[in-house]
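A.B. asks:
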Amino acid sequence: MVTTFDELIAPITAEEFFGAYYGQKPLHIPGEADKFSDVMSWDSLNQALAINAFWTKDNLRLFQDIAPVPAEDYCRLVPGLGTRVLQPDPELVKSQMSRGASLVLNSIDTISPGIQAVADLLERTLKGYTQLNLYCSFAGHKAFDSHFDTHEVFALHTEGEKTWNVYEGRLDNPVHHSTFLDLTTEQHVQNRRELLMEVHMTPGDLLYIPRGQYHDALASSFATLHLTFGVILVRGLDLFELMEDEAMADSLFRQDLPRHDGNDGVANLGQRLSDLGDRLKAMVQEPNFLDAVVQLQNRRQGTRGAYYLPERPAAKEIQLKTEGLRVVRRGDTYFLRSEKAGIPIPSGAQDLVSWVLEHPKFLDTEVRALFAHLGEERVEELLAQLQNMDVIGPAA
14 MVTTFDELIA PITAEEFFGA YYGQKPLHIP GEADKFSDVM SWDSLNQALA
64 INAFWTKDNL RLFQDIAPVP AEDYCRLVPG LGTRVLQPDP ELVKSQMSRG
114 ASLVLNSIDT ISPGIQAVAD LLERTLKGYT QLNLYCSFAG HKAFDSHFDT
164 HEVFALHTEG EKTWNVYEGR LDNPVHHSTF LDLTTEQHVQ NRRELLMEVH
214 MTPGDLLYIP RGQYHDALAS SFATLHLTFG VILVRGLDLF ELMEDEAMAD
264 SLFRQDLPRH DGNDGVANLG QRLSDLGDRL KAMVQEPNFL DAVVQLQNRR
314 QGTRGAYYLP ERPAAKEIQL KTEGLRVVRR GDTYFLRSEK AGIPIPSGAQ
364 DLVSWVLEHP KFLDTEVRAL FAHLGEERVE ELLAQLQNMD VIGPAA
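My numbering applies: residue 14 is where the sequence shown begins, and numbers increase by one.
Now the structure itself:
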């Protein structure tokens, strides 16, 4: 099973990949036929599809020569929780596929251990949320026309053969917004430009396509199967939410903007905007803000995991030993404060400390899960410090 980024892109090295390709240009990495056999195969796909209750009209979709097949053509109403819902009917799905319809499974990054391993390693390496789509298509039938994605693409080929066309055209940092989503067919054709590379994919191959690069694919064997891992990174736009939280503590941002009557008041408004801009610049340069961005990147991950029943997980119960404590902020620093004194809280640890103070009893496993973005070693260190201060201790 592929468990590290180095294994995923071998024989290319990580240094070569990030130096010459990542965010710059596409890369085809041929691999041994069994390289991704533990990630997905025809057998594992059939087993997953047999779990009928898991599938919905949203995560199981069909496309007939780039046109979406209406859900009513392959789903039927079944009893749900207090209502009737549309659910894919295996026989209707197979009927559509007999016509050459492509099967697309959306957001299935938890469907098997092999898939989870690849999604996890991409998140650890790139610091971005990973979503996964699976594509099963048949010779001569295309699921999608030429298009670009708003995320980094890692396509893993597992069954059959498929020819990919990657074009010269690449949009400038596209995001999921109408500015990029509502382009016309003519605009797409103009944007994609000329063919850059034609890639013949066979089992074990990987194709990396940077965000915004136009591409399309067509099965060249009877049936093909590939997985597309899309990695969505933290972007500058995502920082506005963090800045809003920080600005709430600054009186200037909470003040009403100056009233103006079209004359002198406009100058006052301009000065206020300039002052706010200076505050924003200072805010993003603070060490605490940098730490908050690092934590945001670390939190940008999916919820995945495995169970090992009938094993009963081990956990330690912890209780709050000192009451009347609270977390307060003074300038750029958070303090753990009692009635008599305050102790500075390490940068980035204020949320964990606040959570502990709100829970008279809790399990150590809960803290590790909720604050996994801090890293297990740091969580253990913070819990030990709180115990040494007699804030918490083993539950009686």
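C-beta: ideal position from N, C-alpha, C; glycine also.
In the DSSP assignment, find the unbroken alpha helix (DSSP H) run with Gly32 in it and report its ends.
C.D. replies: 27-33
A.B. asks: Looking at the unbroken alpha helix (DSSP H) that takes in Gly127, where does it start and where does it end?
C.D. replies: 126-139
A.B. asks: Please classify Val264: does DSSP put it in a helix, a strand, or coil?
C.D. replies: Reading off the sequence shown, one finds Ser at residue 264, where the question assumed Val. Helix, per DSSP.
A.B. asks: Once DSSP output is grouped into helix, strand and coil, what is the label at Gln60?
C.D. replies: DSSP places Gln60 in helix when its eight states are reduced to three.
A.B. asks: If you draw a straight line from the C-alpha of Arg248 to the C-alpha of Gly36, how long is it?
C.D. replies: 13 Å
A.B. asks: How many Å lie between Gly93 and Asn65 at the Cα?
C.D. replies: 13 Å
A.B. asks: For the alpha helix (DSSP H) containing Thr335, list its first residue and its last residue.
C.D. replies: Counting along the chain, Thr335 falls outside any alpha helix (DSSP H), and DSSP gives it neither H nor E.
A.B. asks: From Leu246, Gln100, Leu240, pick the residue whose C-alpha is nearest to that of Val131; which is it?
C.D. replies: Leu240
A.B. asks: Using the rule of at least 16 other Cβ atoms within 10 Å of the residue's Cβ for burial, across every protein chain shown, is Ala362 buried or exposed?
C.D. replies: buried
A.B. asks: If we ignore side chains and look at the alpha-carbon of each, how far apart do Gln308 and Ile121 end up?
C.D. replies: Looking at the two C-alpha atoms, the distance is approximately 25 Å.
A.B. asks: Nearest to Lys374 by CA position, among Lys334, Leu383, Pro357, is which residue?
C.D. replies: The candidate whose alpha carbon is nearest that of Lys374 is Lys334.
A.B. asks: Please report the straight-line C-alpha distance between Ala114 and Gln298, rounded to a whole angstrom.
C.D. replies: Rounded to the nearest whole angstrom, the CA to CA distance from Ala114 to Gln298 is 52 Å.
A.B. asks: Does the region 266-273 come into contact with the region 77-91, if we say contact requires no fewer than three beta-carbon pairs (one atom in each stretch) closer than 8 Å?
C.D. replies: no
A.B. asks: Is it buried or exposed for Met214, if we count other Cβ within 10 angstroms and need 16 for buried?
C.D. replies: buried
A.B. asks: Run through DSSP, which three-state label would Leu220 get?
C.D. replies: strand
A.B. asks: Using the beta-carbon count (16 or more within 10 Å), is Val91 buried or exposed?
C.D. replies: exposed
A.B. asks: Is Tyr221 near Val166, with beta carbons less than 8 Å apart?
C.D. replies: Yes, these two residues count as a Cβ contact at 8 Å.
A.B. asks: For a test of the three-state rule: what should DSSP assign to Arg312, helix, strand or coil?
C.D. replies: helix
A.B. asks: Give, in chain order, every unbroken run of the alpha helix (DSSP H) that is at least 4 residues long and sits entirely within the region 134-204.
C.D. replies: 191-194
A.B. asks: Per the contact definition of three or more C-beta pairs closer than 8 Å, is the region 222-229 in contact with the region 133-153?
C.D. replies: no
A.B. asks: Taking buried to mean at least 16 other C-beta atoms within 10 Å of its own C-beta, is Trp177 buried or exposed?
C.D. replies: buried
A.B. asks: Could you check where the alpha helix (DSSP H) with Asn119 kicks off and where it finishes?
C.D. replies: Membership of Asn119 in any alpha helix (DSSP H) is not indicated; the residue belongs instead to the beta strand (DSSP E) covering 115-119.
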